[in-house]
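Working notes, beginning with the structure itself.
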Amino acid sequence: MEPQILRADGTLVAAPIALLQQQQQQQQQQQQQMHVQQQHMQHEHMHQQMHLQQQFMQQQQQQQQQQQQQQQQQQQQQQKAAAAAAAAETAAAEAAATAAETAAAEAAATAAKEPAATLATTAAATAAATAAAAAATLATPAAGTAAGRAAAIAAVAAATTAAAAAVAAAPKQQQQYLLLQQEQQQQLQQQTPLSQQNV
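The opening residue of the sequence shown carries number 32 in this note's numbering; numbering runs sequentially from there.
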């Protein structure tokens, strides 16, 4: 039976071999074109996916870098704040100690010039002033730090210096002044927290 082809009017006619080969070639070409198009579409799809993945990874890296920068900035701010607080506490403690030493020196100089009758009064006033300075130092925020404790110790040392100067200038008032000094130290210990008394 000879090969046949379907005409446009619906009739079957004998088909020459050349025409059949041409139709087969056209079908093969169409199939090849479809295959190439599919490959091209797949390649584009893969390329888009890779591009999206790269963008996502870049965004994640940028977010991580921003977080690291924020953490570094916070750490720097905390370090600056801590350094400023420590400097302020140290300055306050040094100022308190200097003021106590100055007051003691002035009191000693005054005691050396005054008559013996007023030395006891001067010594008592000096002790009270020094005790008040020590109490004020212990009431500051720096009292819980090493610098605060150093300031309190300096205030006590200043009181002791004033007492020694007053006693040296007025030997007759020595016993009374020593009693006043003991009362002052007891007041200071009562005002000092237990955690600092053990230092």
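Using N, Cα and C, we set each Cβ at its ideal position, and we do this for glycine too.
Would residue i be called buried (16 or more neighbouring beta carbons within 10 Å of its own) or exposed?
{"i": "Glu120", "result": "buried"}
{"i": "Ala39", "result": "exposed"}
{"i": "Gln96", "result": "exposed"}
{"i": "Ala126", "result": "exposed"}
{"i": "Ala123", "result": "buried"}
{"i": "Ala116", "result": "exposed"}
{"i": "Ala128", "result": "buried"}
{"i": "Gly41", "result": "exposed"}
{"i": "Thr133", "result": "exposed"}
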